[in-house]
Amino acid sequence: MNTFRRLALAALIPAAALSHGLSGALAQTASPAPAASASPSPAPSASPAPAASASPAPAATPSPAASASPAPAASPAPAASASPSPPPAAAATPAPVQTADPFGLETTLESKKVVMVKGTANWDSAFDTLIDAFKALNTLLDKQGIKPSGNSMIVYTSTDDTGFTFLAQIPVDQDPKNLSKDLSIGKSPEGKALKFVHRGSYDNMDNTYEAITNHLDDKRLEAKDTFIEEYLTDPLKTSEDKLVINVFVPLK
Numbered sequence: 034m035n036t037f038r039r040l041a042l043a044a045l046i047p048a049a050a051l052s053h054g055l056s057g058a059l060a061q062t063a064s065p066a067p068a069a070s071a072s073p074s075p076a077p078s079a080s081p082a083p084a085a086s087a088s089p090a091p092a093a094t095p096s097p098a099a100s101a102s103p104a105p106a107a108s109p110a111p112a113a114s115a116s117p118s119p120p121p122a123a124a125a126t127p128a129p130v131q132t133a134d135p136f137g138l139e140t141t142l143e144s145k146k147v148v149m150v151k152g153t154a155n156w157d158s159a160f161d162t163l164i165d166a167f168k169a170l171n172t173l174l175d176k177q178g179i180k181p182s183g184n185s186m187i188v189y190t191s192t193d194d195t196g197f198t199f200l201a202q203i204p205v206d207q208d209p210k211n212l213s214k215d216l217s218i219g220k221s222p223e224g225k226a227l228k229f230v231h232r233g234s235y236d237n238m239d240n241t242y243e244a245i246t247n248h249l250d251d252k253r254l255e256a257k258d259t260f261i262e263e264y265l266t267d268p269l270k271t272s273e274d275k276l277v278i279n280v281f282v283p284l285k
């Protein structure tokens, strides 16, 4: 589509043990031996019997002590099961999602009062020519103390292989006075249009316009013989590689 012709258009734990000595108890039972010499008959039957029965009784006491010690050993189990809980909390924070600029968004342009200047340009020096047009408009507004009421715009009225004609426009709320013959007051375009976004230098817009042409062909849409660029970043103060421009394509 020749309407969108540009010069350079191109065809990411522990254990414990207990011990108890029985030697003391056996030593005490040996003392009654001298008494056995005076009366031989009662000695062998009376003294050995209680000695043998008294010593095993205390030996059974260590068993409950040993069974009580393993009970605290089960305490580390809940501590180990509680540790894995933090990881799910860390995974619950999603990374920020970046959305793409709209491409081919249907919109309706509203007409605005603008001060404008008409001009022609060759593709080789297109951006410089547009900058000069914006400078002329801003100089006029600065001298009269008028602040723009919107973003600077370029309306392309015709294009060919060598260049184009255009209207540079700046929205205003009041009419400037003492206009030179190449400046005038008018209205910006209105009506249904498709919105596209370009980021980067003016020279790289060739790729954007090629994508626009392909989009129109795929959707079988017919555009008017004009299109509008709205400069969201001030072209007089922004480096060319950081431009952000809305491209509006009016539809028939």
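The numbering of the sequence shown is the working numbering, which starts it at 34 and goes up by one. Even glycine gets a Cβ: it sits at the ideal position worked out from N, Cα and C.
Local conformation of residue i per DSSP, three classes
i, result
"residue 133", "coil"
"residue 216", "strand"
"residue 164", "helix"
"residue 138", "strand"
"residue 255", "coil"
"residue 143", "coil"
"residue 185", "coil"
"residue 237", "coil"
"residue 245", "helix"
"residue 45", "The predicted position of residue 45 is uncertain, since its pLDDT is 31 and thus under 50; a value taken from the coordinates is nonetheless stated next. Three-state DSSP puts residue 45 in coil, outside helix and strand."
"residue 155", "strand"
Residue range of the unbroken alpha helix (DSSP H) whose run includes residue i
i, result
"residue 225", "That residue, residue 225, is in no alpha helix (DSSP H); its beta strand (DSSP E) goes 224-232."
Residues near residue i by beta carbon distance below 7 Å, same chain, minus five either side
i, result
"residue 219", "147, 149"
"residue 254", "284"
"residue 241", "229, 231, 280"
Backbone CA spacing between residue i and residue j [nearest angstrom]
i, j, result
"residue 142", "residue 157", "30 Å"
"residue 261", "residue 282", "7 Å"
"residue 289", "residue 285", "With the chain represented from 34 up to 285, any question about residue 289 goes unanswered, as that position is not in the structure."
"residue 153", "residue 198", "4 Å"
"residue 299", "residue 210", "The displayed coordinates of the chain run from 34 to 285. Any statement about residue 299 would go beyond what the structure contains."
"residue 173", "residue 163", "16 Å"
"residue 203", "residue 189", "14 Å"
"residue 269", "residue 248", "31 Å"
"residue 233", "residue 159", "15 Å"
"residue 136", "residue 246", "12 Å"
"residue 264", "residue 179", "19 Å"
"residue 228", "residue 212", "32 Å"
"residue 214", "residue 185", "20 Å"
"residue 206", "residue 175", "14 Å"
"residue 181", "residue 250", "36 Å"
"residue 183", "residue 223", "15 Å"
"residue 272", "residue 252", "34 Å"
"residue 259", "residue 274", "25 Å"
"residue 235", "residue 151", "19 Å"
"residue 243", "residue 166", "26 Å"
Span of the beta strand (DSSP E) around residue i
i, result
"residue 270", "Premise fails: residue 270 is in no beta strand (DSSP E) and is neither H nor E."
"residue 278", "277-283"
"residue 198", "196-204"
Neighbourhood of residue i by C-beta, 6 Å cutoff - its chain only, sequence neighbours within 5 removed
i, result
"residue 238", "231"
"residue 177", "209"
"residue 276", "266"
"residue 134", "230"
"residue 278", "231, 262, 264"
Proximity below 9 Å, CB of residue i to CB of residue j
i, j, result
"residue 187", "residue 170", "no"
"residue 155", "residue 192", "no"
"residue 145", "residue 221", "yes"
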